[in-house]
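Number of protein chains: 6
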Amino acid sequence: MAEKSMLVVSAHSADFVWRAGGAIALHKQNGYRVKVVCLSFGERGESAKLWRKGEMTVEKVKAARREESERAADILGAEVDFFDLGDYPLRVSDEALMRLVDVYREVQPAFVLSHSPKDPYNFDHPLAMHVAQEARIIAQAEGHNPGQKIVGAPPVYAFEPHQTEQCEWIPNTFLDITEVWDIKRRAIECMAGQEHLWDYYTRVALQRGVQAKRNIGITAALDIKYAEGYMRLTPAVTGDLA
Amino acid sequence: MAEKSMLVVSAHSADFVWRAGGAIALHKQNGYRVKVVCLSFGERGESAKLWRKGEMTVEKVKAARREESERAADILGAEVDFFDLGDYPLRVSDEALMRLVDVYREVQPAFVLSHSPKDPYNFDHPLAMHVAQEARIIAQAEGHNPGQKIVGAPPVYAFEPHQTEQCEWIPNTFLDITEVWDIKRRAIECMAGQEHLWDYYTRVALQRGVQAKRNIGITAALDIKYAEGYMRLTPAVTGDLA
Amino acid sequence: MAEKSMLVVSAHSADFVWRAGGAIALHKQNGYRVKVVCLSFGERGESAKLWRKGEMTVEKVKAARREESERAADILGAEVDFFDLGDYPLRVSDEALMRLVDVYREVQPAFVLSHSPKDPYNFDHPLAMHVAQEARIIAQAEGHNPGQKIVGAPPVYAFEPHQTEQCEWIPNTFLDITEVWDIKRRAIECMAGQEHLWDYYTRVALQRGVQAKRNIGITAALDIKYAEGYMRLTPAVTGDLA
Amino acid sequence: MAEKSMLVVSAHSADFVWRAGGAIALHKQNGYRVKVVCLSFGERGESAKLWRKGEMTVEKVKAARREESERAADILGAEVDFFDLGDYPLRVSDEALMRLVDVYREVQPAFVLSHSPKDPYNFDHPLAMHVAQEARIIAQAEGHNPGQKIVGAPPVYAFEPHQTEQCEWIPNTFLDITEVWDIKRRAIECMAGQEHLWDYYTRVALQRGVQAKRNIGITAALDIKYAEGYMRLTPAVTGDLA
Amino acid sequence: MAEKSMLVVSAHSADFVWRAGGAIALHKQNGYRVKVVCLSFGERGESAKLWRKGEMTVEKVKAARREESERAADILGAEVDFFDLGDYPLRVSDEALMRLVDVYREVQPAFVLSHSPKDPYNFDHPLAMHVAQEARIIAQAEGHNPGQKIVGAPPVYAFEPHQTEQCEWIPNTFLDITEVWDIKRRAIECMAGQEHLWDYYTRVALQRGVQAKRNIGITAALDIKYAEGYMRLTPAVTGDLA
Amino acid sequence: MAEKSMLVVSAHSADFVWRAGGAIALHKQNGYRVKVVCLSFGERGESAKLWRKGEMTVEKVKAARREESERAADILGAEVDFFDLGDYPLRVSDEALMRLVDVYREVQPAFVLSHSPKDPYNFDHPLAMHVAQEARIIAQAEGHNPGQKIVGAPPVYAFEPHQTEQCEWIPNTFLDITEVWDIKRRAIECMAGQEHLWDYYTRVALQRGVQAKRNIGITAALDIKYAEGYMRLTPAVTGDLA
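Spelled out as structure tokens, the structure:
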């Protein structure tokens, strides 16, 4: 049987770590190939600490961000592609969209993770989800590059944004990441430029852990300490409702 | 390991057949114990054909409805309890609510099915879901009948209402019922008083089958012909997002 | 052909004047029988000016409100029934609900008007709509008082609440009341105890008139000066989409 | 009096048949001129069967799709314009938008039909509705091509998408197409490349027929067997609420 | 000038501590009188640890809960009234509602805090908010106990529920509680029976602190470490938009 | 202390007068610097009366609109920048977006006003709000034009659209403009080309005044006659909930 794979579409080069690092480490551990596409480096909008160092240029910031991101991906077990499309604002040309379609066709992901469809604090994030969905639809079309293997219908999940309620993001799926938490924390610590967020996202994982536990019932045998929340956007098809 | 079980809370005595007959037959076949609670017989509001026969009384209609319902349950493999609370309007006293709590405690369901939380065409339906949820919460409380085994956190699903869009019901879960379709159809045919609905719900199953197939992708090996749609109201907790 | 009729379910004894006076006068003029049910007199919550007179009792306030309401109904051409169920809070027993069902069966309305389903400023209003809908559903049931003529499926409209946006009330239907405006204004002026609202509702009618005109297009021949807005809750069935 | 007309804006060359074929045939029969604009042929994303034949090119697929579409339009009684803007993804330049404005000005439609404003399964569909609305607004502006006759305020309807609930599409209007069903079915059968959808959309029409009947009441004289559902996006202005 | 006051309507006897303890301590410090109404003790549904001790009765649990609650209120600076209406399920009679109206009339609160209007995990919570709003409306009515001083229009806020997103609760208002955090934490530690929640709600306060800081801008002089989130349900009226 | 300032992003050259004229006059009076950016003159879509004069060109209409707008701004006390990007449809290039970012950086607004995020009657309006938000986010980024003073987190408000309910616009904030009403009315009267709207917006101000008064309570000392409604899109951060 073919290796299973998953795809993460990240607006900036650190998003996949904070928001989906547990999913990446866990599925990697379970035999998945993990592909991450970073549409930009977040060089203008998410690198405040680097800019404050002085003597900075966009190229230097991008290099530093790439290096952090690659180390984190390495720890998590992911391959990363950097599309380098710029940020604040991110703009995605049809050419870049087709490059993402190619990734879908090559990776054949079992599921896809990206940002919440709405985020009033960050317009790059919803755009990343939009192109993740649009590329998926094109990758399903038999008339796009006929002869290539088309993509099935991989479920699409939105990972957790910074201010969930303002984004109308509702976690209908909790992923238990207790056993890979240490890996995620190590990946988080690669983000030297955003150290103030390390504890923030540790607390997020703990809160989601408590909630996940509550949603399986306190009498359940499974003990969940850390979790990630996801909003599944596409319906599930199943043979058992339990 | 203990037998698994499921619970269906049905406002009227036929709802569980049209709306959850496939889930019942399928899980029964897979080893589940299935408990159905019918809050009323639907004697006033859903028995038009019986009333038109003339010479009818409420008691006669209730008897006929009970008989149809029991035969259908038999075919599907479910145990049925009739609470006989009256319909149009259904009213649920706290005493009846506690009787439902007792069912939860006794059955210990792995999941629960009931009506959509909103239905402008039928006020008995949302009330059934409301008490299904309220009884579940009470059954979880350690201080309710201390000493009894409390209930965990069984997922709650809303099965398909008649006019889905008006009810703001969105199927985020499709259940493949292809292999038990014949059983469901036979159960449906017990409802002699509502023959006009037999083909309606057959078409519903076919449409949901096409949609379920589309949601796993046309390239998937699994062939789905009949399905039931469900709106899961409670978050899923999982160890794999595929 | 039988006379057509309409039904208005009003929480308090003045609501039908401010909110549906134009619809009543217009349909009356077009040959409809108009029935209004006032669930209460609004004696506690909507009679501030009367209470400030001093020497008041609930009975005196109710008598004054009834008198104003009857005069307004007379001008508009409506029959009024007062259920006298009390206000702030309005409470509707099943007995009162059945009395409303009887009205439906007797009146056989072609459509029904009541309050918006949500109103954070007034809990009596949504309750009135709730019972208007629940009574309609029971009146449709063949098993309720078998032998009586059942009700069809009269469209249900919510008339305009005081603070529309807070009530999530959206006018999807505008009624041109230009030709009966003078009648409505005269009925409004019967409400001596709420004189501060006369101009308020005149401005409402003018604003809705401008909006109605905009929704038929400025090039349309019809000149609309006054209108009432309604939120239709039930689908329309038609043979022409223009 | 001038001939009345209607406009359909279809993302791909078959959409207008499945989704609005009944409306077209019915209004044509009632004397309307019917104009259909197909923004693309659906050559990449909606022609799977054609591509599987092998030896295919985009041009061949487009030719086959055009031919099917024209035959269907002929049966229904519609004029079709093909804008040939490409699909998966559809992209609409301002030049194409202005061409659609010109159609509005020339056709002066009494109402407009297009896709649902949201469709997570198909990004071309919401875009078609978006430009249908944007072109309508521009066509209303006196400063656009001054001297031309401006457009009034034709109602806008969204026809039925494939998975209605996922699209947040709610049918607030049912069109009785019983008398033209045979015509619609014949038009549907022109779509040789999508034969699997013939029965799907026949079942849709039957289900909507049952629902339409329920919404006029089972006691109504009119017998409705087939219907189409529409979501009206613009308010109605009327002189009678029945 | 008269002392200002605030009112908190708490479903169970600990809710006001977790969810509004910071607001209470802060406003108390700023000169407000703080009144808390606990509708129940949460004796059945929120006292799991106490029940597990064995040898417990409802009366013993209620006494323990009352004692914890009073100590916490004391630390925060609030007066507490216990209505003792029972929990799981909470039921509020009209008599109890009128008792709450009396509290409004006596306290004349400048604003009111209660639970989120929706909570699928806890049906007592939305009911508490419902009666908090209904009592407020009745307290505004001149005809209710004429002669008493009526209540103005105190803003209503929903404090933070356990699983915010599932409750459709959106914090549109952040309260900086940094300077009173120690007091809140001490009050929290009175809740011996729910020690597992101490750190949970500490993390909540830290996360809301980060978000509050982000919403005033990182360049703002004010340093916020701990905050509480609120959803304001009623419009603000102001003379300055900054 | 530095002067405070506010920013208004207006799609067309008259919008800021009808919708935010009171806010401008009031804050000007209270010492604010007021900057207005008009993205277009509304020369095609909102100048019907001018076009009907005949002998008109786009340049002449733009000149007339600019003159009216400047006179109104003068009366209100605002500086106006005209971006002249065209209307019906408005299109905003990235270059224009960056020009707006520069305005943010230069003005350092304490709050921002623009259109409602949704408006089915006018697609230029939501686009204006979109770019107002996008420019604000970019202006906050340290990596955009490093060295410039970044912008904090100014609250964003949507002012009142023409048909509020269709736009899903809900006024959660009322601004009392009673004391500057005369100034706003004089500014309104500069709009010679849209005289039919003078009374419309006067009535809007009166209605919002009544509602604002109701939301502070009829017993409040403050008498409000005229108000403007705003939908605040960003959370408030406060130290007092009254």
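Chains as they are written, first to last, in my numbering: chain A, 1 to 242; chain B, 1001 to 1242; chain C, 2001 to 2242; chain D, 3001 to 3242; chain E, 4001 to 4242; chain F, 5001 to 5242. Positions of the beta carbon are idealized from the N, C-alpha and C atoms, including for glycine. The model shown is predicted, which means the values in this text are computed figures rather than measured ones.
DSSP places Asp1094/B in the helix class (H, G or I) of the three-state scheme.
Contact annotation: in the segment 1160 to 1187 of chain B, residues whose CB is within less than 7 angstroms of a CB in chain D are Gln1163, Thr1164, Glu1165, Gln1166, Trp1169, Ile1170, Pro1171. Collapsing the DSSP output to three states places Val3101/D in a helix. Counting other Cβ atoms within 10 Å of its Cβ, Thr1164/B reaches 16 or more and is therefore classed as buried. Residues of chain F with a Cβ closer than 9 angstroms to the Cβ of Gln3133/D are, in chain order, Pro5120, Phe5123.
Under the Cβ criterion of 8 angstroms, Gln5140/F is not counted among the residues facing chain C. Within its own chain, the residues whose Cβ lies closer than 7 angstroms to the Cβ of Ser1047/B, once the five positions on either side in sequence are excluded, are Val1061, Arg1065, Gly1193, listed in chain order. At least one beta carbon of chain A lies nearer than 8 angstroms to the beta carbon of Val3061/D. The beta carbon of Ala1096/B sits closer than 7 angstroms to the beta carbons of Phe1083, Leu1085 from its chain, once the five residues preceding and following it are set aside; these are given in chain order. Proximity to Gln4140/E across Pro2089/C, Val2151/C, Glu2160/C peaks at Pro2089/C, based on C-alpha coordinates.
The C-beta of Arg3044/D comes no closer than 8 angstroms to any C-beta of chain B.
When Tyr5104/F, His5027/F, Leu5113/F are compared, the shortest CA-CA separation from Pro5161/F is found for Leu5113/F.
By the C-beta density criterion, His4125/E is buried, having at least 16 other C-beta atoms within 10 angstroms. Note on geometry: alpha-carbon atoms of Gln3207/D and Lys3213/D lie some 10 angstroms from one another. The straight-line gap separating the alpha-carbon atoms of Tyr2230/C and Gly2217/C is approximately 19 angstroms. For the pair Arg1033/B and Asn1122/B, the Cα-to-Cα distance works out to about 29 angstroms. A direct Cα-to-Cα measurement between His5130/F and Val5180/F gives close to 29 angstroms. The Cβ-Cβ distance between Tyr3226/D and Ala3242/D does not fall below 8 angstroms.
By the rule that beta-carbons nearer than 8 angstroms mark a contact, Ser4047/E touches chain B.
Taking CB atoms only, Trp198/A has no neighbour in chain F less than 8 angstroms away. When the five nearest sequence neighbours on each side are left out, the beta carbons in the same chain lying within less than 6 angstroms of the beta carbon of Met2191/C are those of Ala2014, Glu2068, in order along the chain. With a contact defined as Cβ atoms closer than 8 angstroms, Leu39/A and Ser10/A qualify at about 7 angstroms. Comparing C-alpha distances from Asp5240/F to each of Trp4018/E, Lys4028/E, Ser4093/E shows the shortest one belongs to Lys4028/E. Ile4177/E is a Cβ neighbour of Leu4026/E, given a cutoff of 8 angstroms. Contact between Thr1234/B and Asn215/A is confirmed by a C-beta separation of about 7 angstroms, below the 8 angstroms threshold. With 16 or more other CB atoms across the displayed protein chains lying within 10 angstroms of its CB, Asp2087/C is buried. Here Ser2069/C carries a helix assignment [DSSP, helix/strand/coil].
Taking the C-beta atoms as reference points, Leu3076/D is found no nearer than 8 angstroms to Ile3137/D. For Val3080/D against Val3036/D, the beta-carbon gap comes to about 5 angstroms, under 8 angstroms, which counts as contact. The C-beta of Val2103/C comes no closer than 8 angstroms to any C-beta of chain F. Burial state of Arg3091/D is exposed, judged by a 10 Å Cβ sphere holding fewer than 16 other Cβ atoms. In terms of beta-carbon proximity, Arg5065/F stays away from the interface with chain D, with every pair separated by 8 angstroms or more.
By the neighbour-count criterion, in which 16 or more other beta carbons inside 10 Å mark a residue as buried, Glu2142/C falls on the buried side. For Asn1030/B, the nearest CB of chain A lies under 8 angstroms from its own CB, placing it at the interface with that chain.
Against chain D, the CB of Tyr5230/F has no partner CB under 8 angstroms away; the residue lies outside that interface. Per the DSSP secondary-structure output, Tyr32/A pairs with nothing in a beta bridge.
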